[in-house]
Amino acid sequence: MDIILRILNVVFSGVTIALTVLMLLLYFKERRIQPRSLLLSAGLSLIMLFFFILLTGARLNIMIATALFIFGAAFGVLRAFFVKLYYRDKQVLGKYSLLSLLGWGCSYALAILLNSFDSALLASLGLAPLLLATGTQIALNGTLFLRRIMMQAPTSQAV
Amino acid sequence: MGTRLFRNSRGHSQWGNRIQRYFIIIGLLIVLAASYWWLVNPVQAQSPKCPPGFVWDRLSAIGCVQEDCFDVGGYYDGTNHCICPKGYDMCTEPVDYSSFDVEQCGPFCPDKVLTSCVLPPERCPSEIEVVPPVKSGGAGVEDFGGEESGDFPSSPGDVGLPTNFTLRQIEEIISGPESLPPTPARAVAGAALTTGLLGTWILVDWLRQRSTVAKEITDFGKDGGAIEQANLAKPETIFESGENQPEEDQVAASAIDMITSMSDMGSLLNAEKISTPEKNETDRWADEFMKGSPTEIRPSYDEDIPQAKASTPIGGQFMNPEQRVFDGDDAIIILKELGMVPLGTSRTDKISLDETGLDSFIGASPDGYPRQITLPSGKTIIVTKVEGILIGGKDDAIAGQNPTEIDFSKPVVITAELVEQVPKPPSGVQPTQTATPSSKPVHDQSTETFVDYSESAPMPESQNTVETPQVEESPGKTLSRDVDQEQVPVDEVDQADIDQDLEDIFRIDMDNIVSNKPKKGLVPVIDPKTDEVIYVTENDRPWWEYYYREHKKMMKLHKEYLKIIEELERLMRKPQHDVKSSSLGEADIIGGDEISSAIDDF
Chain X
17 MDIILRILNV
27 VFSGVTIALT
37 VLMLLLYFKE
47 RRIQPRSLLL
57 SAGLSLIMLF
67 FFILLTGARL
77 NIMIATALFI
87 FGAAFGVLRA
97 FFVKLYYRDK
107 QVLGKYSLLS
117 LLGWGCSYAL
127 AILLNSFDSA
137 LLASLGLAPL
147 LLATGTQIAL
157 NGTLFLRRIM
167 MQAPTSQAV
Chain G
15 MGTRLFRNSR
25 GHSQWGNRIQ
35 RYFIIIGLLI
45 VLAASYWWLV
55 NPVQAQSPKC
65 PPGFVWDRLS
75 AIGCVQEDCF
85 DVGGYYDGTN
95 HCICPKGYDM
105 CTEPVDYSSF
115 DVEQCGPFCP
125 DKVLTSCVLP
135 PERCPSEIEV
145 VPPVKSGGAG
155 VEDFGGEESG
165 DFPSSPGDVG
175 LPTNFTLRQI
185 EEIISGPESL
195 PPTPARAVAG
205 AALTTGLLGT
215 WILVDWLRQR
225 STVAKEITDF
235 GKDGGAIEQA
245 NLAKPETIFE
255 SGENQPEEDQ
265 VAASAIDMIT
275 SMSDMGSLLN
285 AEKISTPEKN
295 ETDRWADEFM
305 KGSPTEIRPS
315 YDEDIPQAKA
325 STPIGGQFMN
335 PEQRVFDGDD
345 AIIILKELGM
355 VPLGTSRTDK
365 ISLDETGLDS
375 FIGASPDGYP
385 RQITLPSGKT
395 IIVTKVEGIL
405 IGGKDDAIAG
415 QNPTEIDFSK
425 PVVITAELVE
435 QVPKPPSGVQ
445 PTQTATPSSK
455 PVHDQSTETF
465 VDYSESAPMP
475 ESQNTVETPQ
485 VEESPGKTLS
495 RDVDQEQVPV
505 DEVDQADIDQ
515 DLEDIFRIDM
525 DNIVSNKPKK
535 GLVPVIDPKT
545 DEVIYVTEND
555 RPWWEYYYRE
565 HKKMMKLHKE
575 YLKIIEELER
585 LMRKPQHDVK
595 SSSLGEADII
605 GGDEISSAID
615 DF
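Line order of the protein sequences matches chains X and G.
With this note's numbering, letter number 158 in the first sequence gets 174, and the count goes up by one each step, no holes.
With this note's numbering, letter number 453 in the second sequence gets 467, and the count goes up by one each step, no holes.
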C-alpha cells in the first residue's frame, strides 16, 4: 500500500510539473490585469501552502521558514515593479512573471516528490523552496494589486 | 460613468461565471477537507503504542525505537533503527506480539528486536556467549570513530554513529524538534490538494478566457460589432444581418434593405446603432423610464425649462413607434443643426443664452415646437421636445440679471419624430406600408413615399437592424419612380462623395483644427480617410469619433450595397422564367435592360 501511495505521490509531482507548464502557456501572453484576479492568486497561493503543510505534516523551523518567506516576498515586491502595466482598449494589460510562476510550480513538484521519501529532513527541505516561491507569489500579486488599483486612467482614450 | 454602466449592464453573465468559479473552489476545499478527516486524521489521532522493549519516539522515522539498543552493543542509525557497528553481525529475534495488539502500533510495529552484535565468526549469544561488552553509548561513539579522528567522518558510510548524530542535528535544526516525516497517505493528500487546486485554478482561468472570447464574439453579433466611442484603436466592424440570406428569392428584399441602409448612411438619426458609454447610460434611463409612468416625461413648456429636472430623464430608445429620443452628443449634434449651439460644443460646455436664444431653445419663440428640421444628410426630423438643465432660468434671462446657460454636462434630451424616407422598390416590388400620411405632421420634401411606422410597423428595437419595409410579391403592379431628386448612379457613389457628405454633416473645418503633429491642447484621433492619427481640439474629438464610426459604417454598407446590386444584376441576366419565379414579380419584367435601368434608379 505504501508503495502505491509513494508512486501516486511521484505521479502527482509529475502532474504538478505538467500543470505548471500549462500555466506558463496560459500566462505567456499579455493579459488583462484585474485586481480581483490578483487577490485571488495571492489568496490561493497562501491557502495552498497552508493546506499543504497541514495535510502533509511536514515541518520547517519557524525561523528558517519566516526568513525564507520574507526573502521570497522581498523578491516578489521587487519583481512586481518590473512588470509593465499599461492601458489598451480601455483595459489594463500586463504580462505576469513567468519565472516566478515556474519557480512556484516546480517548488510544489519538488516538495511533493521529497515527501515521498519518508524522511522528515527531506520533507522539510522540500518546504524551503516552496515557502520562498509562495512568498514571492503573494508579494508579487499583492504589489501588482496595489499598482493596479492606483493606476490612473489615461486622460485621452481616443487613440 | 458610462463605461462603468456598460460593464454593469453585462454583469449578469460575469456574475454567473464568478459564482460558478467560487463554487468550484469552495467545493474542492470541502472535498479535500473531508478527505483529510477520513484519510489522514485517523492516523494522526491514534496514539501509537509500541510493544514491550520499544518506545515511541516521534523524532525517529520508524516510530517504535528499541529501548536497550546500546545495552546490546548496537546503535541507532539515521532512522533510529537499532543496528550493529560495522563489522559486527546482528543477532535478532522476532518481536513477541503474543501479549500485544498490533493494532496499537499499526504501521510502526517492529518485526525484529536486536539482541546482540557479534564479530564474525562468532555466533549469536543464543549459541555461543561471545559478545563484546559495550556498556554505554558514549563508549560506542569512541570505539567506532570518534576516538580515531576526533572529527566528523569524511564519508557517512565509513562510520555510522557520527553521521547519525550529524543528520539528527541537521534534522532538528531544519525540521524543528518532534517532527515526523509525512506518511505516504498524508503526502498523497497534500499532493492531491496541490494538484487539485492548481488544476482548478488553471481550468477556471482557461474557461474564463474562453468565455471572454465567446462573449466578445457574441457581443459582436448582438451589437453589430459596434465598439465604444473612445475605442478607435480597434477598427470597427459591422455586423451583417443580411449575410445569412443566400437564397435568390430573398435577394430583392436584401436589396431593399441595403438601399434603405444606404439612405441611412451618415444619418444622425441612427442613434440606435451607436454604442457609446453615454448611450448605455441613456439606455438605463430609458429602461427606468419604461417602468414608470409615461406622464412623468411631459414637462410643461409653458414654464421654465428646469422643469425638466423634475421629470424622469429619458432618452436613447424609442418611446413610442414614431418617436425617438437623443441625448448627449447626438442631442448636441441636433442642436447644432438647429442652430442653437456653436460648432465644437461638447458635453463639458455651458452655453450662454440670451433672451432670444433662450426662447428659441425652450420653444417659446414663434416657431415653438414641434419644429421640423432637415439635417444636411437629407433626413427630416420633427423636434417635439428639448429638455435640459438651465442655469439661471427664463425669468433671469429675460431680466438680464443672471447669466443663463445650458449645462451640457447634464442630460440634454431631445425628442424627435423621425420622418423616414424610403425609396421605392424596383418594379414588381412594393412595400407593405404604402404612402400613408402620418397622424403627426410629416414633411414631404419630394414625392418620395414615406413609411408611417406609427400605423402598422413599429420601429425595430434591435440595434443592428435597419428600418426597412416588408417586401411582398405584387404581381402585375409596377411602381414608377416619380422622384425628381438628383439621381446618383451607383458607381459614382465613391469615397470622395461619402467623405464630402460626412464633412458636410459634421461641418468640421479640417484646415483649422487638424494637425498631423502633436500640439499642446490637441488630442489624437484617427482620420477615417487615411487611418492616420491626427490631432484635434478636445471639443472636436467627439465629432471626429462619431465621424470615424459613421465613415466605417458607410464604407461597409456601400460595399454590401454594391454586392447586392451585383447579385441583382446577375439574377436579371438569368432566363425569364427564373426571374418570374423570384420575389421580384413577373408581369413587369420584360428584359434585363429595363431591370438594370430600374436598379440604376436606386
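Beta carbons: idealized from backbone N, C-alpha and C, even for Gly.
Practice task
List the residues of chain X whose Cβ lies closer than 7 Å to the Cβ of G/W215, in chain order.
Solution key: As a first step, residue 215 of chain G is located in the second sequence; it is residue number 201 there, counting from the start. Those are L60, listed as they occur along chain X.
Practice task
Mind checking the stretch 190-212 of chain G against chain A and listing, in chain order, the residues whose C-beta falls within less than 7 Å of any C-beta there?
Solution key: No chain A appears in this structure, whose protein chains are X and G.
Practice task
Assign G/V45 to one of two classes, buried (16 or more other C-beta atoms within 10 Å of its C-beta) or exposed (fewer than that).
Solution key: By 1-based counting over the second sequence, the position of residue 45 of chain G is 31. Classification of G/V45: exposed, given that the 10 Å Cβ count is below 16.
Practice task
Kindly confirm or deny that the stretch 563-571 of chain G and the stretch 546-553 of chain G touch, where touching means at least three C-beta pairs closer than 8 Å.
Solution key: no
Handout entry: C-beta neighbour in chain X for G/L221, strict 8 Å
Key = In the second sequence, counting from the first residue as 1, residue 221 of chain G sits at position 207. So, not an interface residue.
Handout entry: Cut-off 6 Å between Cβ atoms - residues of its own chain near G/F122, not counting five sequence neighbours on either side
Key = Walking along the second sequence from the start, residue 122 of chain G turns up at place 108. The answer, listed in chain order, is P62, G77 and C78.
Problem - Partner residues on chain G for X/L117, Cβ-Cβ distance less than 7 Å - result: Here the question's residue 117 of chain X lines up with position 101 in the first sequence. The premise fails here: X/L117 is roughly 11 Å from chain G at the closest Cβ pair, so nothing lies under 7 Å.
Handout entry: C-beta contact flag for G/Y102 and G/C96 at 8 Å
Key = Counted from its first residue, the second sequence places residue 102 of chain G at position 88. Counted from its first residue, the second sequence places residue 96 of chain G at position 82. No, the Cβ-Cβ distance between G/Y102 and G/C96 is not below 8 Å.
Practice task
Tell whether a beta-carbon distance below 8 Å holds between X/L118 and G/I216.
Solution key: The sequence position of residue 118 of chain X within the first sequence is 102, counting from 1. The sequence position of residue 216 of chain G within the second sequence is 202, counting from 1. It is not a contact, given that the beta carbons lie outside the stated cut-off.
Practice task
Return yes when the Cβ of X/L101 is within less than 8 Å of the Cβ of X/G110, no when it is not.
Solution key: Sequence index remark: in the first sequence, residue 110 of chain X carries index 94 (1-based). Sequence index remark: in the first sequence, residue 101 of chain X carries index 85 (1-based). Taking 8 Å as the Cβ cut-off, X/G110 and X/L101 qualify as a contacting pair.
Problem - Residue from G/V69, G/K126, G/D71 and G/G213 whose Cα sits closest to the Cα of X/Y124 - result: Numbered from its first residue, the first sequence carries residue 124 of chain X at position 108. Here the closest residue by C-alpha is G/G213.
Problem - 8 Å Cβ shell around X/T159 - same chain, five flanking residues per side excluded - result: As a first step, residue 159 of chain X is located in the first sequence; it is residue number 143 there, counting from the start. Same-chain partners within the cutoff: G92, V93, A96 and F97.
Practice task
Consult DSSP for X/Y102 and reduce its assignment to one of helix, strand or coil.
Solution key: Against the first sequence, residue 102 of chain X aligns to sequence position 86. Of the three classes helix, strand and coil, the one that applies to X/Y102 here is strand, per DSSP.
Handout entry: Contacts around X/P145, its chain only, beta-carbon distance under 7 Å, and the 5 residues preceding and following it disregarded
Key = Your numbering for residue 145 of chain X matches position 129 in the first sequence. Counting only Cβ-Cβ distances below 7 Å, and skipping sequence neighbours, we find S123 and L126.
Exercise for the section: Please confirm whether X/M64 and G/L211 have their CB atoms less than 8 Å apart. Expected result: The count along the first sequence starts at 1 and reaches residue 64 of chain X at position 48. The count along the second sequence starts at 1 and reaches residue 211 of chain G at position 197. Going by C-beta atoms, X/M64 is nearer than 8 Å to G/L211.
Problem - Interface partners of X/L141 on chain G, CB under 8 Å - result: In the first sequence, counting from the first residue as 1, residue 141 of chain X sits at position 125. I188, listed in chain order.
Handout entry: Counterpart residues of G/S130 in DSSP-defined beta bridges
Key = By one-based count along the second sequence, residue 130 of chain G stands at place 116. Paired residues: G/C105.
Problem - G/S538, enclosing beta strand (DSSP E) - first and last residue - result: Here residue 538 of chain G is taken as the residue at index 524 of the second sequence, counted from 1. The question names Ser, yet the displayed sequence has Pro at residue 538 of chain G. Unbroken beta strand (DSSP E) run through G/P538: L536 to D541.
Exercise for the section: Pick helix, strand or coil for G/C96, following the three-state DSSP scheme. Expected result: Translated into positions along the second sequence, residue 96 of chain G becomes position 82. Correct three-state label for G/C96: strand.
Problem - Whether X/S132 touches X/L76 by CB criterion (8 Å) - result: On the first sequence, position 116 is the one that residue 132 of chain X refers to. On the first sequence, position 60 is the one that residue 76 of chain X refers to. No. Outside cutoff.
Problem - Euclidean distance between Cα positions of G/T450 and G/V397 - result: Reading the second sequence from its first residue, position 436 is the one you call residue 450 of chain G. Reading the second sequence from its first residue, position 383 is the one you call residue 397 of chain G. Confidence is the limiting factor: at G/T450 the pLDDT is only 30, short of 50, which leaves the residue's position unreliable and the question unanswerable from this model.
Handout entry: Three CB pairs or more closer than 8 Å across the stretch 185-203 of chain G and the stretch 68-87 of chain X
Key = yes
Handout entry: Alpha-carbon to alpha-carbon, G/P124 and X/I33
Key = As a working mapping, residue 33 of chain X is identified with position 17 in the first sequence. As a working mapping, residue 124 of chain G is identified with position 110 in the second sequence. C-alpha separation (whole angstroms): 37 Å.
Problem - CA-to-CA distance, G/E580 to G/I428, given in whole angstroms - result: Taking the second sequence and counting its residues from 1, the one referred to as residue 428 of chain G is at position 414. Taking the second sequence and counting its residues from 1, the one referred to as residue 580 of chain G is at position 566. Cα-Cα distance, rounded: 40 Å.
Exercise for the section: Identify every residue that forms a DSSP beta bridge with X/G110. Expected result: Locating residue 110 of chain X in the first sequence gives position 94, where the first residue counts as 1. According to DSSP, X/G110 bridges with X/R47 and X/L101.
Practice task
Compare the C-beta of X/G73 against all C-beta atoms of chain G and say whether one is closer than 8 Å.
Solution key: As a first step, residue 73 of chain X must be located in the first sequence, where it is residue number 57. It does: the Cβ of X/G73 has a partner Cβ on chain G nearer than 8 Å.
Problem - Outcome for X/L129 when other beta-carbon atoms lying within 10 angstroms are tallied against a minimum of 16 - result: For the purposes of this step, residue 129 of chain X is taken as the residue at position 113 of the first sequence. Buried is the call here.
Practice task
With G/I76 as the anchor, note down where its beta strand (DSSP E) starts and where it stops.
Solution key: Sequence index remark: in the second sequence, residue 76 of chain G carries index 62 (1-based). Unbroken run through G/I76: none, as it is neither H nor E.
Practice task
From the DSSP output, read off the bridge partner residues of G/Y89.
Solution key: The residue labelled residue 89 of chain G in the question sits at position 75 within the second sequence. Paired residue(s): G/I97.
Exercise for the section: Report yes or no: is there a C-beta of chain X within less than 8 Å of the C-beta of G/E117? Expected result: The count along the second sequence starts at 1 and reaches residue 117 of chain G at position 103. No, because no Cβ of chain X sits closer than 8 Å to the Cβ of G/E117.
Practice task
Go through its chain and collect everything with a Cβ distance to G/L642's Cβ below 6 Å, but skip five positions before and after it.
Solution key: Residue coverage of chain G in this structure runs from 15 to 616, which leaves residue 642 of chain G outside it and unanswerable.
Exercise for the section: Could you list which residues in chain G have their beta carbon closer than 7 Å to that of X/V31, in chain order? Expected result: In the first sequence, counting from the first residue as 1, residue 31 of chain X sits at position 15. The contacting residues are T209.
Exercise for the section: State the Cα-Cα distance for the pair X/I165 and X/S57, rounded to the nearest angstrom. Expected result: Taking the first residue of the first sequence as 1, we reach residue 165 of chain X at position 149. Taking the first residue of the first sequence as 1, we reach residue 57 of chain X at position 41. Between X/I165 and X/S57, the C-alpha separation is close to 16 Å.
Problem - Rounded separation between X/A81 and X/W120 - CA only - result: Numbered from its first residue, the first sequence carries residue 81 of chain X at position 65. Numbered from its first residue, the first sequence carries residue 120 of chain X at position 104. In a straight line, the C-alpha of X/A81 is about 16 Å away from that of X/W120.
Exercise for the section: Look up X/F66 in the DSSP assignment and say whether it is helix, strand or coil. Expected result: Residue mapping note: residue 66 of chain X aligns to position 50 of the first sequence, counting from 1. Here X/F66 sits in helix by DSSP.
Exercise for the section: Assign X/R104 to one of two classes, buried (16 or more other C-beta atoms within 10 Å of its C-beta) or exposed (fewer than that). Expected result: Within the first sequence, residue 104 of chain X is the residue found at index 88, counting from 1. When all chains shown are included, X/R104 counts as exposed.
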